[in-house]
Structure formats: structure tokens, C-alpha cells
Amino acid sequence: MTTDTGGVLRGHHRARRLFARLVWTLLRVLVSVATLVTLYYVGPLDRSSKSTAVAILLTGLVGFIVLVALQVRSILRSRYPALRAVEALAVSIPFFLLLIAAAYVAMAEQSPGSFGRHLSHTNGLYFAVTVFTTVGFGDITAKSGTAQLAVTAQILMDLIVFGLVIKTIVDAAHRGRERMRTTAADQPGGDEP
Numbered sequence: 001m002t003t004d005t006g007g008v009l010r011g012h013h014r015a016r017r018l019f020a021r022l023v024w025t026l027l028r029v030l031v032s033v034a035t036l037v038t039l040y041y042v043g044p045l046d047r048s049s050k051s052t053a054v055a056i057l058l059t060g061l062v063g064f065i066v067l068v069a070l071q072v073r074s075i076l077r078s079r080y081p082a083l084r085a086v087e088a089l090a091v092s093i094p095f096f097l098l099l100i101a102a103a104y105v106a107m108a109e110q111s112p113g114s115f116g117r118h119l120s121h122t123n124g125l126y127f128a129v130t131v132f133t134t135v136g137f138g139d140i141t142a143k144s145g146t147a148q149l150a151v152t153a154q155i156l157m158d159l160i161v162f163g164l165v166i167k168t169i170v171d172a173a174h175r176g177r178e179r180m181r182t183t184a185a186d187q188p189g190g191d192e193p
């Protein structure tokens, strides 16, 4: 009776490689999100001018679009597209929420009556997340017309993020997995990676 030690070793090697990739991905997500949160909290949002606040928001939105495009490209080329898609969402969504929160904090500083209360960095993030999740507890509300338009814009962007960005990333993961299956089937032995 013979055993296929080569197959067992390949399977063990794949499992170790996947575990290492999982750990590396988790570390990248943690460092990325920690960096974004740190930048948000140390940023002088409560001392910025109106033009600076608008520039931050517009630059951030362009940065978000570029980030998502790069993430999709990376997913399509990845050896582990599903894992890469999870990483993309785990970084993109906090980036988006912190960007919106930054805009709210800057707006509240420029026009103190914009919201029902003063927005600290924590209050701004809390408000952005409650609007994003459609929970809207009501303890912080948009009072001025400008603030109401900003919240309306966030709600519309939230729909885009939920609908388009998440779908695009998930579709990229599916296409990447299909590419991996096709590549594996074309290789000698036809074994999926």
C-alpha cells in the first residue's frame, strides 16, 4: 500500500501559505486602519478654513475612488482574490467614513450652528457611522441647510458605496477566483491552487 506523500506535503504547504497570507492581510488591515484613524484624530480639522475643508473632502473623494480602483486591480491579479476583496472592504469603508467624518468636523467648526451640538473628532465619526448604517440615533442632527445637504450627499454616497463599490469588489473577487480556476485547470495535473 502506497501513500501520496507529495500530495499531502503540497496540501500542507498550501495551508501554511494561506495561513501566512491571512496573518499578513490582517496586519496590513490593522496598520492601514490605525494609520487612517490616527491621521483623522491628529488632523487640524477643527482649525481649518472652509476652503481647506472643501479641499480635504474633494481630495479625499478622489483618493477613495483611486483606492477602490487600485483595490479592484489588485483583487483581479491576486492569488487569493476573496481574501484580497475582504481586505479591500476592510480598508475602503473606514477610509470613506473617516473622510465624511472629517468633513462634518470641519463644517461644524466653520459654522457652529450646522449641527445640533459641537462635533469633536469622536462626535463626527459617530455621526458619520450612524448615518452610514442608517441608524441615526437623533442625538446629533444636521440643523443648517448646508449640513443637511452634506448629510444628504453622504446618504447618496453611502448608497453608491453599498451598491457599486461593494458589488465591484465582490465581482472582482469572483473574476479573480475564476481566473485562478482556469489557470489551475490549464496546468499539468489540473489541480486547483
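According to the working numbering, the sequence shown holds residues 1 to 193 in order. Quick reminder that beta carbons are idealized off the backbone N, C-alpha and C, glycines included. Computed from a predicted model, the values in this text were never measured in an experiment.
Open item on the list: Just to confirm before moving on: does the CB-CB distance between alanine 102 and leucine 57 stay below 9 Å?
Closed with: Counted from its first residue, the sequence shown places residue 102 at position 102. Counted from its first residue, the sequence shown places residue 57 at position 57. The answer is yes: Cβ separation under 9 Å.
TODO: Give the straight-line distance between the Cα atoms of valine 23 and glycine 176, rounded to the nearest whole angstrom.
DONE: Here residue 23 refers to the residue found at position 23 when the sequence shown is read from its first residue. Here residue 176 refers to the residue found at position 176 when the sequence shown is read from its first residue. Rounded to whole angstroms, valine 23 to glycine 176 spans 21 Å at the Cα level.
Open item on the list: By DSSP's criteria, alanine 142 is part of a beta bridge. Which residues make up the other side?
Closed with: Residue mapping note: residue 142 aligns to position 142 of the sequence shown, counting from 1. Alanine 142 has Phe115 as its beta-bridge partners, per DSSP.
TODO: Answer with buried or exposed for isoleucine 160, where buried requires no fewer than 16 other C-beta atoms within 10 angstroms of its C-beta.
DONE: Here the question's residue 160 lines up with position 160 in the sequence shown. With fewer than 16 other Cβ atoms from the protein chains shown falling within 10 Å of its own Cβ, isoleucine 160 counts as exposed.
Task: Start-end ranges of the alpha helix (DSSP H) lying completely within the segment 14–95, minimum 4 residues - done: As for any alpha helix (DSSP H) of minimum length 4 sitting wholly inside the segment 14–95, the runs are 50–77, ordered along the chain.
- [ ] Taking 9 Å as the cut-off, decide whether the C-beta atoms of alanine 150 and methionine 107 are in contact.
- [x] Position 150 of the sequence shown, counting from 1, holds the residue named residue 150. Position 107 of the sequence shown, counting from 1, holds the residue named residue 107. It is a contact, given that the beta carbons lie within the stated cut-off.
TODO: With DSSP collapsed to three states, give me the class of threonine 152.
DONE: In the sequence shown, the residue the question calls residue 152 occupies position 152. Reduced to three states, the DSSP call for threonine 152 is helix.
- [ ] Can you tell me which of the three DSSP states phenylalanine 127 falls into?
- [x] Numbered from 1 along the sequence shown, position 127 holds the residue referred to as residue 127. Of the three classes helix, strand and coil, the one that applies to phenylalanine 127 here is helix, per DSSP.
TODO: Starting from the C-beta of alanine 69, find all residues in its chain whose C-beta is less than 7 Å away, skip the five residues before and the five after it, and write them out in chain order.
DONE: Looking up residue 69 in the sequence shown gives position 69. None.
- [ ] Tell whether a beta-carbon distance below 9 Å holds between leucine 45 and valine 86.
- [x] By 1-based counting over the sequence shown, the position of residue 45 is 45. By 1-based counting over the sequence shown, the position of residue 86 is 86. Going by C-beta atoms, leucine 45 is not nearer than 9 Å to valine 86.
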